[in-house]
Amino acid sequence: MNEVKLRLEGVSKSFGKNQVLNGIDLDIAEGEMVCLIGASGSGKSTLLRCMNCLEPIDDGYIYLDGKDISEPGLDLSDIRRRIGIVFQSFNLFPHMNALENVLLAPRRVLGKSREELVPQAEELFTRFGLKEHMHKYADQLSGGQQQRVAVIRALAMRPEIMLFDEITSALDPVLVHEVLDVLRALRDEGMTMILATHEMNFAKELADRICFMDGGQIVESGKTAQIFSKPKDERTRTFLKSLLVS
Amino acid sequence: MNRRAQYEARQKRRALIIASASTVFIVLALVVLVPLAPGWVAVQKSFFSWDIFVRSLPKMLDAFTLNIAIFLWSAPLVAFVGLLIALARSVTAPALFPLRVFGAGFVDIFRGLPVVLVIYLIGFGIPGLGLPRPWNSPYIWGTVALVLTYSAYVAEILRSGIESVHQSQRSAALSLGLSERDVMRYIVLPQAIRRVVPANMNMLIALQKDVALLSFIGPVEVLRQAGIYKSLFANFTPYVVAAVIFLTFTIPATRYADYLMNKQRNERS
Ligand SMILES: Nc1ncnc2c1ncn2[C@@H]1O[C@H](COP(=O)(O)OP(=O)(O)OP(=O)(O)O)[C@@H](O)[C@H]1O
Ligand SMILES: [Mg+2]
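What follows is the structure in structure tokens.
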């Protein structure tokens with residue numbers, strides 16, 4: 027097993043009286059791909075947002091490379107640029123074209139020059155088959171293209187971990203494959219990735235490990251094959267069965 | 072032409088005929104009936120004297136250039152102060168709480184008072200302090216009053232624009248490591264300002280008209296000039312001249328604002 031890249035210890039989070047995360051423990055190894063599955067409202071999105079420090083946690087610890095990043099008062103910008111995230115929708119900035127979307131953060135946060143960045147960006151666009159769409163705005167791109175631009179934008183910061191929150195659930199099935207290809211390519215490069223998804227086929231194909239969440243807890247976590255073939259926890263079984271029926 | 076197009080063409084022809092007929096009828100009624108009113112001859116003489124219209128027009132246009140000048144230097148100031156107030160009201164950092172209170176107070180006060188009253192209070196009040204020469208001019212302080220009032224409205228419009236930018240845009244920007252300031256500057260404000268352009272066009276038009284309120288405290292702009300002519304000629308036609316001058320500017324401007332508004336609505340749907 028590789029080094030632990032990201033470690034969560036007893037992470038808890040409430041919105042008012044609603045306890046959304048309830049003592050989450052999770053280790054993510056370098057280069058590992060972990061899928062979070064679970065019913066709607068089980069806390070998957072919240073967990074990802076906490077890892078990226080978009081939501082402050084109430085209790086517990088998050089370590090990145092062994093360093094506590096959940097301590098209040100840290101420079102969040104510095105952490106966020108090391109952990110990229112792509113959301114379900116509304117990702118792109120509609121008033122900038124795809125290229126500007128990608129260049130903004132490296133320019134402002136890393137202080138790199140345009141001249142330096144453009145060739146790198148072009149390379150990414152080419153790799154994900156979007157070279158000819160570089161100068162288009164979000165409303166001129168399909169949903170799948172928009173999501174791929176969002177991935178490129180996150181990658182342009184050269185993150186060490188990528189988080190994906192149901193990035194295909196707003197897409198029609200034909201477009202899902204484009205995005206899936208991107209994830210597969212990233213996994214093969216050894217990117218550490220955490221993916222919340224409702225698409226079990228995704229999880230089955232891509233993940234090294236599956237975490238099943240219910241009521242703000244990780245109820246069961248294990249190798250992909252094991253979770254799908256012989257889940258240990260009753261709640262996992264019920265959840266997977268309910269998917270088969272629908 | 073297919074069946075649907077034929078039907079639509081027929082409908083359009085019908086609508087056009089009805090609209091023209093009713094317009095002709097109303098105009099005829101006005102032209103025939105209004106002169107029958109007992110006071111018409113007197114009104115015509117004191118409001119619509121062609122001779123006085125022609126004699127007063129050049130100097131009225133001259134005076135209107137002052138309106139334009141005041142408008143031209145107030146508008147950017149309104150935009151600037153309005154933006155500052157909107158930003159002051161949008162900051163979330165606890166240390167900047169006083170700024171937020173100041174913004175809210177500013178907006179409450181200047182939106183809560185009639186413009187004329189603000190112009191009187193500031194335009195007469197501050198020069199009354201006995202400041203040295205250029206600073207005692209009611210011209211300057213009257214304009215300041217206008218700028219303050221309109222900034223309050225523009226600030227509220229901008230703030231509604233800022234709040235209309237979806238939260239996930241902020242999340243997406245923050246997640247890339249951008250600072251709060253950069254998020255505001257590069258992501259939120261550009262989108263917010265675009266959305267409120269039509270509403271601000273309407274504020275500009277209103278500002279342009281309200282420059283005339285400065286006539287109450289001194290500067291000889293078009294409305295004041297009309298008042299002078301009215302006394303000179305003992306005739307109200309100069310006011311009609313002023314109205315015509317205003318309309319030649321405001322009607323195209325309002326049409327343009329409506330056009331922008333419609334364009335934006337269509338783009339969004
Ligand atoms: N900003 C917020 N304020 C208040 N409550 C929130 C907020 N975000 C999420 N919640 C609540 O937290 C709970 C978990 O939400 P979360 O979005 O993490 O679930 P999820 O597992 O991602 O669900 P889904 O599969 O539908 O995306 C829900 O009950 C939700 O209502
Ligand atoms: Mg979710």
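Chains as they are written, first to last, in my numbering: chain E, 27 to 272; chain W, 72 to 340. Where a beta carbon is used, it is the ideal one built from N, C-alpha and C, also for glycine.
- When CB distances to chain E are screened at a threshold of 8 angstroms, the residues of the segment 251-274 of chain W falling below it are ASP253, TYR257, ILE258, PRO261, GLN262, ARG265, in chain order.
- Taking all protein chains shown into account, W/GLY194 has 16 or more neighbouring C-beta atoms within 10 Å of its C-beta and is therefore buried.
- Between E/GLY110 and E/PRO199, the C-beta spacing is not below 8 angstroms.
- As for any alpha helix (DSSP H) of minimum length 4 sitting wholly inside the segment 54-117 of chain E, the runs are 70-77, 102-106, ordered along the chain.
- At a C-beta separation below 7 angstroms, W/GLN240 has these neighbours in chain E: PHE116, PHE119.
- Under the three-state reduction of DSSP output, E/ARG133 falls in the helix class.
- Separation of the CB atoms of W/VAL149 and W/TYR221 is rounded to 4 angstroms, and the pair is thereby assigned contact status at 8 angstroms.
- Distance check between W/LEU217 and each of W/VAL103, W/TYR330, W/LEU143 places W/LEU143 closest, using alpha-carbon atoms only.
- Using a Cβ-Cβ cut-off of 8 angstroms, E/ILE95 does not count as an interface residue toward chain W, since no Cβ of chain W sits closer than that to its own.
- Relative to ligand 2, even the nearest heavy atom lies 7 angstroms or more away from the CB of E/LYS39.
- The closest heavy atom of ligand 1 lies less than 7 angstroms from the beta carbon of E/GLU192.
- Proximity of W/ALA166 to chain E, defined by a Cβ-Cβ separation below 8 angstroms, is not satisfied.
- Using beta-carbon distances, W/LEU249 counts as an interface residue toward chain E, with a partner under 8 angstroms.
- Straight through space, the alpha carbons of E/GLY42 and E/PHE228 are spaced by roughly 33 angstroms.
- Taking a beta-carbon distance threshold of 8 angstroms, E/PHE238 does not count as an interface residue toward chain W.
- Residue environment analysis places W/GLY174 among the buried positions, since at least 16 neighbouring C-beta atoms fall within 10 angstroms of its C-beta.
- Between E/THR223 and E/ILE187 a beta carbon distance of about 17 angstroms is seen, past the 8 angstroms cut, so the two are scored as non-contacting.
- Within the same chain, and ignoring the five residues on either side of W/ASP281 in sequence, the residues whose Cβ sits closer than 7 angstroms to its Cβ are VAL186, LEU217.
- Straight across, the Cα-Cα distance linking W/LYS83 with W/ARG75 is about 12 angstroms.
- Between W/ASP253 and the set E/LEU209, E/VAL208, E/LEU130, the nearest pair of CA atoms involves E/LEU130.
- E/ARG75 has its alpha-carbon roughly 10 angstroms from the corresponding atom of E/PHE113.
- Pairing E/VAL177 with E/TYR163, the inter-Cα distance amounts to about 15 angstroms.
- According to the DSSP assignment, E/ILE220 belongs to no alpha helix (DSSP H) but to the beta strand (DSSP E) extending over 218-222.
- For W/SER246, the neighbours in chain E by C-beta distance under 7 angstroms run, in chain order, ASN78, LEU80, ARG106, ILE111.
- Considering only E/PRO82, E/TYR89, E/GLU126, E/GLN243, the residue with the shortest C-alpha distance to E/GLY99 is E/PRO82.
- Spatial neighbours of E/SER68 in its own chain (CB-CB distance under 6 angstroms, excluding positions within 5 residues in sequence) are listed in chain order as MET239, ASP240.
- Our two residues, E/GLU126 and W/THR136, have alpha carbons roughly 43 angstroms apart in a direct line.
- For E/SER71, the Cβ falls inside the 7 angstroms cut-off from some heavy atom of ligand 2.
- Closest in alpha carbon position to E/ALA182, among E/VAL135, E/GLU192, E/ASP191, is E/VAL135.
- Here E/LYS249 is exposed: its Cβ has fewer than 16 other Cβ atoms, across all protein chains shown, within 10 Å.
- If only complete runs of 4 or more residues are kept, the segment 171-226 of chain W shows the alpha helix (DSSP H) at 186-196, in order along the chain.
- Under the 10 Å beta carbon count, E/HIS203 is surrounded by fewer than 16 other beta carbons and is classified as exposed.
- Within chain W, LEU247, GLY248, LEU249, SER250, ASP253 have C-beta atoms less than 9 angstroms from the C-beta of E/VAL135, given in sequence order.
- Rounded to the nearest angstrom, the Cβ distance from E/ARG261 to E/VAL245 is 5 angstroms, consistent with a contact under 8 angstroms.
- By the neighbour-count criterion, in which 16 or more other beta carbons inside 10 Å mark a residue as buried, E/GLY36 falls on the exposed side.
- E/MET183 has a beta carbon lying within less than 8 angstroms of a beta carbon in chain W.
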